[in-house]
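Here's the structure, in structure tokens; my notes come after.
In my numbering, the protein residues as written are 1 to 419.
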């Protein structure tokens with residue numbers, strides 16, 4: 001058992017850089033120690049989670065956050081203990097895509113099945129988590145008691161499943177699906193399986209039929225369910241052996257990428273004198289639509305301000321066309337994100353989606369055919385137009401253009417983005 005006790009020292013260690021950004025006084029060591037001591041005291045009084053969970057709206061959806069840092073630190077330490085004792089590791093999106101691409105390039109047939117779990121976080125059976133932890137006897141009683149106290153607070157608020165927005169929910173979601181993942185991976189007919197949060201992909205060497213795949217996926221912990229075939233979130237395709245000249249082309253969308261799987265060899269991709277299947281990887285249309293919506297929302301906000309927030313408009317477009325750092329909400333680790341770092345595995349560049357995004361952006365800046373772009377043009381000075389014209393998705397991707405934004409500025413930047 002690897003369990004960190006809920007002492008002042010361990011709770012203080014859970015303070016992250018973003019906490020200091022929000023509460024500058026925590027930059028002083030004595031203040032951090034004081035916060036840890038207060039959290040330990042509330043834990044001993046069995047009131048650390050009482051009234052601590054607050055409901056918020058994030059892009060039109062219900063989400064939750066802790067109203068006190070005492071509760072936040074306690075939840076982080078609970079999650080740390082569960083992760084350590086169960087060896088929980090969060091899957092890496094780009095590692096999954098790299099592995100999937102390498103497998104798809106190989107010259108052998110495969111059947112690809114992609115599925116998505118319905119209302120994943122909200123549908124998790126929270127009541128089954130505590131009995132499972134008690135039965136495994138892997139975590140300390142104190143960790144389990146505190147988690148039960150958090151669940152009591154969620155029940156009092158009428159929260160279903162695992163609340164979105166709380167870092168501990170991601171750890172608990174991985175814990176809930178741990179056995180399901182192991183069982184799928186051990187199936188003799190499956191040679192590749194991956195899951196990123198609620199998005200699943202399965203590759204089999206032969207066609208097992210709908211019923212067999214459905215039976216495997218139906219083994220999800222109750223009441224979790226997979227979206228049905230007509231939902232648009234359940235797809236499958238059969239990939240044949242490659243050909244020298246002609247071959248069937250298949251399409252696959254997964255984790256923000258669109259894969260074009262060609263039925264011919266890629267002459268430029270040869271390993272041990274054996275050419276492999278040609279795979280083109282592009283940003284998926286859903287993600288392109290999302291970026292375009294954010295461009296639109298950024299200009300709408302500018303127009304509503306009557307042109308008074310040009311610096312904020314520029315920063316929003318810089319964030320969209322470039323790259324920047326964010327802090328992981330659970331680990332506190334700095335993560336590079338943006339047009340390159342989100343889609344670095346893209347390998348299609350002729351008439352690609354980056355050019356499409358650039359055309360969209362320039363339409364808002366230079367076009368005078370539409371009411372919105374006409375109003376934008378009247379509000380921008382020639383100097384401002386020149387500044388915005390220097391922003392480019394293509395340039396930001398290939399040059400990996402990097403911008404620095406404070407935590408507070410990032411909150412302002414994302415405030416108007418609806419999705």
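Glycine included, every Cβ here is placed at the ideal spot set by N, Cα and C. Quantities reported herein were computed from a predicted structural model and do not represent experimental measurements.
Can you name the start and end residues of the beta strand (DSSP E) that residue 117 belongs to? Residue 117 sits at position 117 when you count from the first residue of the chain shown. Here residue 117 belongs to no beta strand (DSSP E), and DSSP marks it neither H nor E.
Residues bridged to residue 52 [DSSP beta-bridge criterion]: Residue numbering aside, residue 52 sits at position 52 when the chain shown is read from its first letter. For residue 52, which the question treats as bridged, DSSP gives no partner whatsoever.
Which one or two residues does DSSP pair with residue 250 in a beta bridge? Locating residue 250 in the chain shown gives position 250, where the first residue counts as 1. According to DSSP, residue 250 bridges with 261.
If you drop the 5 nearest sequence neighbours on each side, which residues of the same chain put their C-beta closer than 8 Å to that of residue 257? The sequence position of residue 257 within the chain shown is 257, counting from 1. Only 97, 281, 282, 283, 284, 343, 345, 346 meet the Cβ criterion.
Which residue wins for smallest C-alpha separation from residue 299, given the options 288, 132, 315, 406? The residue labelled residue 299 in the question sits at position 299 within the chain shown. Comparing Cα positions, the closest option is 315.
Out of curiosity, what's the CA-to-CA distance linking residue 216 and residue 176? Along the chain shown, one-based indexing puts residue 216 at 216. Along the chain shown, one-based indexing puts residue 176 at 176. Spanning the two alpha carbons is a distance of roughly 16 Å.
Own chain residues within Cβ distance below 8 Å of residue 368, not counting five before or after: The sequence position of residue 368 within the chain shown is 368, counting from 1. If we look at residue 368 and ignore the five residues flanking it on each side, its Cβ neighbours are 374, 377.
My output table needs one value for residue 171: the three-state DSSP class, helix, strand or coil. Locating residue 171 in the chain shown gives position 171, counting from the first residue. Of the three classes helix, strand and coil, the one that applies to residue 171 here is helix, per DSSP.
For residue 57, count the other beta carbons within 10 Å of its own beta carbon; 16 or more makes it buried, fewer makes it exposed. Which is it? Numbered from its first residue, the chain shown carries residue 57 at position 57. With fewer than 16 other CB atoms across the displayed protein chains lying within 10 angstroms of its CB, residue 57 is exposed.
By alpha-carbon positions, which one of 186, 53, 320, 327 ends up nearest to residue 159? Here residue 159 refers to the residue found at position 159 of the chain shown. Answer by Cα proximity: 53.
Quick one, which of 255, 279, 94, 116 has its alpha-carbon nearest residue 228's? Against the chain shown, residue 228 aligns to sequence position 228. Looking at the Cα atoms, 116 is the closest of the given residues.
Report the residue ranges of all alpha helix (DSSP H) runs contained in full by the stretch 145-198; include only those spanning at least 4 residues, in chain order. 167-176, 178-185
Can you tell me whether residue 30 is buried or exposed, with buried defined as 16 or more other CB within 10 angstroms of its CB? As a position in the chain shown, residue 30 is number 30, starting the count at 1. That one is exposed.
Contained beta strand (DSSP E) runs [length at least 3] in the stretch 301-381, N- to C-terminal order: For the beta strand (DSSP E) assignment, the uninterrupted runs of no fewer than 3 residues enclosed by the stretch 301-381 are, from N- to C-terminal side, 323-327, 334-338.
Can you tell me whether residue 366 is buried or exposed? The criterion is at least 16 other CB atoms within 10 Å of its CB, across all chains shown. Along the chain shown, one-based indexing puts residue 366 at 366. Around the beta-carbon of residue 366, fewer than 16 other beta-carbon atoms lie within 10 Å, marking it exposed.
If you check the beta carbons only, do residue 361 and residue 279 fall under 7 Å apart? Along the chain shown, one-based indexing puts residue 361 at 361. Along the chain shown, one-based indexing puts residue 279 at 279. No, they are not a contact pair.
Exposed unless 16 or more other CB atoms sit within 10 angstroms - verdict on residue 308: Locating residue 308 in the chain shown gives position 308, counting from the first residue. With fewer than 16 other Cβ atoms within 10 Å, it is exposed.
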